[in-house]
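4 protein chains.
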Amino acid sequence: MAVRTPDPDPENSGPLDEGSFDAGSFDDGTLPGVGPGWLSDIELEQIRHRLPILYVEAVPVRVDGLGQVIEVGLLLRANAMGEMTRTVVSGRVMYGESLRDALFRHLEKDLGPMAFPQLPASPVPFMVAEYFPIPGVSQYSDDRQHAVSLAYVVPVTGTTEPRQDALELTWLSPAEACSSQVAAELEGGRGALVKAALAAVGVLP
Amino acid sequence: MAVRTPDPDPENSGPLDEGSFDAGSFDDGTLPGVGPGWLSDIELEQIRHRLPILYVEAVPVRVDGLGQVIEVGLLLRANAMGEMTRTVVSGRVMYGESLRDALFRHLEKDLGPMAFPQLPASPVPFMVAEYFPIPGVSQYSDDRQHAVSLAYVVPVTGTTEPRQDALELTWLSPAEACSSQVAAELEGGRGALVKAALAAVGVLP
Amino acid sequence: MAVRTPDPDPENSGPLDEGSFDAGSFDDGTLPGVGPGWLSDIELEQIRHRLPILYVEAVPVRVDGLGQVIEVGLLLRANAMGEMTRTVVSGRVMYGESLRDALFRHLEKDLGPMAFPQLPASPVPFMVAEYFPIPGVSQYSDDRQHAVSLAYVVPVTGTTEPRQDALELTWLSPAEACSSQVAAELEGGRGALVKAALAAVGVLP
Amino acid sequence: MAVRTPDPDPENSGPLDEGSFDAGSFDDGTLPGVGPGWLSDIELEQIRHRLPILYVEAVPVRVDGLGQVIEVGLLLRANAMGEMTRTVVSGRVMYGESLRDALFRHLEKDLGPMAFPQLPASPVPFMVAEYFPIPGVSQYSDDRQHAVSLAYVVPVTGTTEPRQDALELTWLSPAEACSSQVAAELEGGRGALVKAALAAVGVLP
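Chains as they are written, first to last, in the working numbering: chain A, 346 to 550; chain B, 346 to 550; chain C, 346 to 550; chain D, 346 to 550.
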């Protein structure tokens, strides 16, 4: 059921990057009697106003030999209005897809195939972020939808090669990553998410 | 945005109890420009084969004066085939609804208005349970859908009065709650979830 | 084994407040064959340079009806040099004492008998703080000793009445509690601990 | 401050294995004005009846490419009475030593220098185990002392080579590791600790 091949046709037009959906990626034979899981853009748009959409997010980190976080990786990219924004690894969980598979797929999509992320042994996230379409309801917002995101800290041990629309993966120290300037550049209120990640691993200044 | 009034027309026909959906419960005015969040039974059935559905679950517990868990509450009820099964508090998160609101709503629905549950200060669940429509993909299964559930341990301090189709809330010791007999009676593989809850609070034998 | 009576002779001379040790508090009969657990000031001083000392700490909070943290309680007091400093509930774990008993004892000591703290169901802390005698080794320091502290977020539901040398318990909003001014007033680097507490419950701005 | 060299003179006479203490391992110059941290056997024996002693423990696991735990490693050894018992990686935290350093030191001591353990990014343990000298006070006991242990799940990626008095490191499936037979062989009540570890990573059956 793993979906680890690169997405052939990325769509990343909004704050929460869902990744493209490749209907052929699922072995439909494993889920007999249920639908194909395929969603047209129009259908997805409609569902987004009906149900909370499940996401996974990953804050990539570099660790030293004792596991201590020393750097945080943030993606830099231009949004639809040409502004430079920062974000973390983020994407939708597909029908029939496990959380681990979704996490791995989005890490590979955003960091490239040689990042060698160490997925956590525990499925429990360090934070659950609730994105509402109206700003101010919670710390996080996404004007496209109501999304609930399970967020993980993921050490990467290899070489990152940002793909798709990301221009760059920037490695920052914990102090830099939680500066007010970086927080302002993080879209959807993810400055709070990065701080929570740093706090969870004991390095928030 | 809170939806805490009792559900007037409960529907609890399956392993994961979503609660009824009362379209009028949402103040649509708070989410201008988005749809009403209303789902007919047919639409919900269709979406369940297209997207993972977000749930919250609560394992009700009694604690002593120092917070130590001394009893676990399990719901007893008859399923569609007339068999007695056990379950925990469980239900769907609605569009625009916060996790805390959903948790409170389902606790009140299943335990009554006088249970006085102490919702956790942290939104991080003790476990994320992945229910797949095909048994064996994970520890948990739900033949109606792919559901992802955020599960919490919730101390209740008042009087429980099971409502809807639940016949009884049974208080069991940790040792009883993780017996193989009780695990077999817990639907959808929730024997593992109850054990994980006991382990998380340090009382799994 | 519980030690919940108020400490008759408090000693709170340093950054980590150990509480007094009342040899008579333990029922020595429950631990036959082992020593009385009594430590003179001189012995304690010596041991502090030989072993890491185990502490528990509690960040008191007020929560709303859905468990969301709305205020954080910080203790204000004058240190040995007459400076006003802030701290959280903190104290040593005694020989033979459970973590829950120690947590309850120090909460009662610092917040009074009517605070009605809700001790967590889980014994897992939100953070483990390592206090070293040399500043800079970690985020936390204590010039008297090497201490390792298990830190918990504890909702209090009653009336607080700071005792001993604490002048006042101040309730602050999450935004106030993590301001740089408050962080500078928190002794031993506990500004980072308060931020980690807020992050753990999802309210760090 | 790291103490990662193998212990030259192991002493492992009891349920909780503290490792030997090599006074020369510490660079005393980094802690000017404080004692050498050296404890004779007699002094340690006395202190054990005066204070709770801080330990770290690690449950070694093998994970698949997605981070899912597939095997648990348990140490097999003969105790003082010649009985075969099982245990996990366990040892005392020394004065001035960080938790990460202590964890690494004991992992290397028990699994050999080629185990390549992946220490967790977060310092928060999956469980805090309280060992009392009297059985029955908690799930865990240690007739030598009152010990409080911070327990971590640690993936190992290399080759294990048990040292000291351990005869063997046995890799078991999650189902085998939580069998009642294995639980009975685990000393000090650590059957509950292994189950809690499996539950924390979502694989307790």
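The C-beta atom is built at its ideal place from N, Cα and C for all residues, glycine as well.
Fair warning: this is a prediction, and the values are worked out from it, not measured in the lab.
Per DSSP, A423/D is one residue of the beta strand (DSSP E) stretching across V414 to A423. A contact is defined here as three or more CB-CB pairs under 8 Å, and the stretch 503-517 of chain D meets this definition with respect to the stretch 446-461 of chain D. N424/A has its alpha-carbon roughly 51 Å from the corresponding atom of E521/D. Residue pairing of M472/B in beta bridges, as defined by DSSP: A496/B. Taking 7 Å as the cut-off, the Cβ atoms of L419/C and R437/C do not count as close. Less than 7 Å separates the beta-carbon of A542/B from that of V404/B. R489/A carries a coil assignment under DSSP once its states are collapsed to helix, strand and coil. Taking a C-beta cut-off of 7 Å against chain D, the contacting residues of the stretch 428-448 of chain C are V438, Y440, G441, S443 and L444, listed in chain order. Around Q484/A, the same chain offers G534 and A537 as residues with beta carbons nearer than 6 Å, after the five sequence neighbours per side are excluded. When V527/C, H491/C, S525/C and A529/C are compared, the shortest CA-CA separation from Y440/D is found for H491/C. Exposed is the label assigned to G481/D, since fewer than 16 other Cβ atoms lie within 10 Å of its Cβ. The beta-carbon separation of V401/B and P500/B, rounded to 16 Å, does not stay under the 8 Å limit for a contact. DSSP places F449/C within a helical segment (H, G or I) once states are collapsed to three. In the three-state reduction of the DSSP assignment, E428/D falls in the coil class. For the stretch 449-473 of chain A, the beta-carbon criterion of a distance under 8 Å to any beta-carbon of chain B is satisfied by P468, V469, P470, F471, M472 and V473. Pairing V546/B with A466/C gives a Cβ-Cβ distance under 7 Å. Leaving aside the five residues that flank P478/D on each side, the residues in its chain whose CB is nearer than 8 Å to its CB run, in chain order, S486, D487, D488, R489, Q490 and H491.
Under DSSP, the beta-bridge partners assigned to T515/D are L419/D.
I392/B carries a helical assignment under DSSP once its states are collapsed to helix, strand and coil.
Just measuring C-alpha positions, the residue of S494/A, G410/A and V414/A sitting nearest V433/A is S494/A.
For a cut-off of 8 Å, the C-beta gap from V473/B to V469/A is around 6 Å, short enough to register as a contact.
By the CB criterion at 7 Å, L396/A and R395/B fall outside the cutoff.
Shortest Cα-Cα distance from Y497/C to any of I398/C, I387/C, A447/C and A528/C involves A447/C. In the structure shown, S525/C adopts helical secondary structure according to DSSP, grouped into three states.
Pairing A460/C with G503/C gives a Cβ-Cβ distance under 7 Å. Residue contact check for A522/C against chain A: no CB pair falls below 7 Å. DSSP, reduced to helix, strand and coil, places A403/A within a strand of the structure shown. By the C-beta density criterion, I415/C is exposed, having fewer than 16 other C-beta atoms within 10 angstroms.
C-alpha of S443/A to C-alpha of G410/D: approximately 14 Å in a straight line. Interface criterion met: the Cβ of A545/A is under 7 Å from a Cβ in chain D. L549/B belongs to the set of residues whose beta carbon lies under 7 Å from a beta carbon in chain D. Out of L421/A, F449/A, P550/A and L399/A, the CA that lies nearest to the CA of Y476/A is found in L399/A.
By the neighbour-count criterion, in which a residue is buried when 16 or more other Cβ atoms sit within 10 angstroms of its Cβ, L514/B is buried.
Rounded to the nearest whole angstrom, the C-alpha separation of E388/C and I392/D is 10 Å.
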